[in-house]
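All remarks here apply to the structure that follows.
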Ligand SMILES: Cc1ncc(C[n+]2csc(CCOP(=O)(O)OP(=O)(O)O)c2C)c(N)n1
């Protein structure tokens, strides 16, 4: 029970709420528990922070992640001790590895109950340490203000990431001096406290770019995170350079523009986009880890074939995968604008028509399949009909399986900034539904769509209740094929079609969703898909379209090959 407190002091739980407010937090996603009762009472009494009750903590973290990606603010989620901590973990890991600032608070057993086999007791410090950018277990209520200040600073400066705070029951009830409750509100948004690159390295990079015959940008999530889209386009124009992206980098450049190559790599890239990478003699990676997927296991670009300039806010990234000619460590926006300044007076005469020709070839192949009336419905048709029926400002969230590679390759992002995303760090199935809820909360005026496989549906279906309870006008699209299709396709290409334990039973996802109160359709006929999507997208509440789709092992691979 909360004891009466003196005016100059707050309870620990009240101080937590005030510290969140001081950092500009407006919404918290989470799920209640015994150890969280003081925190819930403080949230109820102190008002102003909206609490979105979720149906499991994993999805609370995914919602916070989607919210952060769209709002530019720290996403906050919470859960109780024990299972609440182990369940919140997957979402925190994804956010941390994807450089998204998410703060998870798990309440905990009392400090005074530690080591007594107390129900739900767990070593939260050790559990979270390797998987977050920063974490702490509170032992005294007096430490609450500085612990929260440190968490926000860690999450939003440098490479953004996730933080975790364990908040014991008795710490929530102890006293905190009101005067200690203060914050720098700019740390509630990201990136905060941007850092500029070393000017001598900027000069070196500019010198290399002046000599480039065919420069190319490969942009990861860092461009959108930094809000560096304008600076990127100016530099690309100056150099007459094509701009390719990773999946997380979609939104770095308007994909309709002449500079845009689209997505490269083994999950969304095509032979045409690969050819553009292979043609470059100077590659500028921007906010991109040059990981296995983007580079098709470090084969495109081939080591030593192109000179490399690598821009990243994390000093550990340049040089991790390629011998780098110039590492530029700093905020992407500041690095790109410094490079433009260093290139003042220079303009490369170039020709983007080969890029245009490759893009045309890629989309010609796509459109031939997208217009097919074959059943089961081809994945290309789903992308095509979605593209036709969505406004350019819509937000699309894709799960792994069929959705991510097909949408990454062929869904054209019109405009810049975050309009399309997927969980590219760990690629856990069942992310998109919850992340779309967070995204919608952050940007309620635009249409949000989540596209998932039926494997993913099985892992997130419970949150349909949340969408119905909150009457969220999100459209969920299920690619229904009764198989873990991506893996079956891997068995086809890599193991001579020895299919093993990848097929599961058919579910009518529309009927399941109807039972939750979601207006739903099950579509077999490709000719009807467009009209159904149009209606589903236009309705004011949650809708679900279950599309009976061709499985990946029978489809034309959207990717150059399957690589692990
Ligand atoms: C939590 C989790 N477990 C396993 C995997 C490995 N995995 C990657 S894709 C995939 C199959 C996806 O199946 P589904 O969602 O039905 O989509 P489909 O590939 O059939 O379109 C699996 C099992 C994963 N990504 N995440």
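Residue numbers (the working numbering): 1 to 564. Virtual Cβ for every residue (Gly too), placed ideally from N, Cα, C.
Answer yes or no: do residue i and residue j have a C-beta to C-beta separation smaller than 9 Å?
i, j, result
"residue 128", "residue 85", "yes"
"residue 161", "residue 118", "no"
"residue 93", "residue 425", "yes"
"residue 234", "residue 126", "no"
"residue 392", "residue 359", "no"
"residue 553", "residue 489", "yes"
"residue 104", "residue 144", "no"
"residue 506", "residue 487", "no"
"residue 33", "residue 107", "yes"
"residue 540", "residue 476", "no"
"residue 342", "residue 202", "yes"
"residue 308", "residue 293", "no"
"residue 326", "residue 159", "no"
"residue 102", "residue 23", "no"
"residue 442", "residue 423", "no"
"residue 464", "residue 523", "no"
"residue 460", "residue 420", "no"
"residue 140", "residue 174", "yes"
Tell me, to the nearest whole angstrom, how far the beta carbon of residue i is from that of residue j; I am working on the premise that it is less than 8 Å.
i, j, result
"residue 265", "residue 296", "6 Å"
"residue 526", "residue 402", "That pair is no contact at about 15 Å."
"residue 216", "residue 154", "The pair is not a contact, with the Cβ atoms about 34 Å apart (cut-off 8 Å)."
"residue 91", "residue 62", "5 Å"
"residue 124", "residue 38", "So it is not a contact: roughly 17 Å between Cβ atoms."
"residue 438", "residue 29", "7 Å"
"residue 378", "residue 550", "5 Å"
"residue 244", "residue 282", "Not really, about 13 Å apart at Cβ, beyond 8 Å."
"residue 418", "residue 251", "5 Å"
Does residue i come out as helix, strand or coil in the three-state DSSP assignment?
i, result
"residue 13", "helix"
"residue 246", "coil"
"residue 28", "strand"
"residue 565", "With the chain covering only 1 through 564, there is no way to say anything about residue 565."
"residue 466", "helix"
"residue 123", "coil"
"residue 487", "helix"
"residue 81", "coil"
"residue 341", "helix"
"residue 18", "helix"
"residue 148", "helix"
"residue 220", "coil"
"residue 439", "helix"
"residue 414", "coil"
Just how far apart, CA to CA, sit residue i and residue j?
i, j, result
"residue 322", "residue 249", "19 Å"
"residue 253", "residue 302", "24 Å"
"residue 242", "residue 259", "4 Å"
"residue 353", "residue 274", "16 Å"
"residue 383", "residue 10", "53 Å"
"residue 12", "residue 142", "8 Å"
"residue 381", "residue 262", "19 Å"
"residue 247", "residue 408", "6 Å"
"residue 170", "residue 59", "27 Å"
"residue 31", "residue 48", "18 Å"
"residue 411", "residue 394", "12 Å"
"residue 135", "residue 188", "17 Å"
"residue 315", "residue 329", "6 Å"
"residue 83", "residue 121", "10 Å"
"residue 99", "residue 370", "34 Å"
"residue 332", "residue 530", "39 Å"
"residue 206", "residue 304", "20 Å"
"residue 364", "residue 528", "23 Å"
"residue 36", "residue 79", "7 Å"
"residue 204", "residue 238", "17 Å"
"residue 88", "residue 290", "28 Å"
"residue 184", "residue 149", "8 Å"
"residue 157", "residue 482", "43 Å"
"residue 151", "residue 176", "18 Å"
"residue 319", "residue 300", "16 Å"
"residue 532", "residue 473", "15 Å"
"residue 536", "residue 515", "17 Å"
"residue 192", "residue 404", "30 Å"
CB of residue i to nearest heavy atom of ligand 2: below 8 Å?
i, result
"residue 449", "By its list of ligands, the structure shown excludes ligand 2, since it contains just ligand 1."
Looking at C-beta atoms only, is the number of pairs between the segment 480 to 496 and the segment 335 to 349 that lie closer than 8 Å three or more?
Touching, no, given that fewer than three Cβ pairs across the two stretches are closer than 8 Å.
Quick one: any contact between the segment 383 to 394 and the segment 225 to 235, if contact means 3 or more CB pairs under 8 Å?
In short, these stretches do not touch, since the Cβ pair count stays below three.
Determine contact between the segment 508 to 522 and the segment 540 to 547, defined as no fewer than three beta-carbon pairs at a distance below 8 Å.
Enough Cβ pairs lie closer than 8 Å, so yes.
Cβ contact (3+ pairs, closer than 8 Å) linking the segment 443 to 461 and the segment 391 to 399
With a cut-off of 8 Å on Cβ pairs, the segment 443 to 461 is in contact with the segment 391 to 399, counting three or more such pairs.
Could you tell me whether the segment 417 to 435 touches the segment 40 to 48, where touching means 3 or more Cβ pairs closer than 8 Å?
Judged by Cβ distances under 8 Å, the segment 417 to 435 makes no contact with the segment 40 to 48, as fewer than three pairs qualify.
Are there three or more Cβ pairs, one per stretch, closer than 8 Å when the segment 218 to 226 is compared with the segment 269 to 288?
Taking 8 Å as the limit for Cβ pairs, the verdict is that the segment 269 to 288 does touch the segment 218 to 226.
Using 8 Å as the Cβ pair cut-off and three pairs as the minimum, do the segment 176 to 190 and the segment 14 to 28 touch?
With the cut-off at 8 Å, the segment 176 to 190 and the segment 14 to 28 touch.
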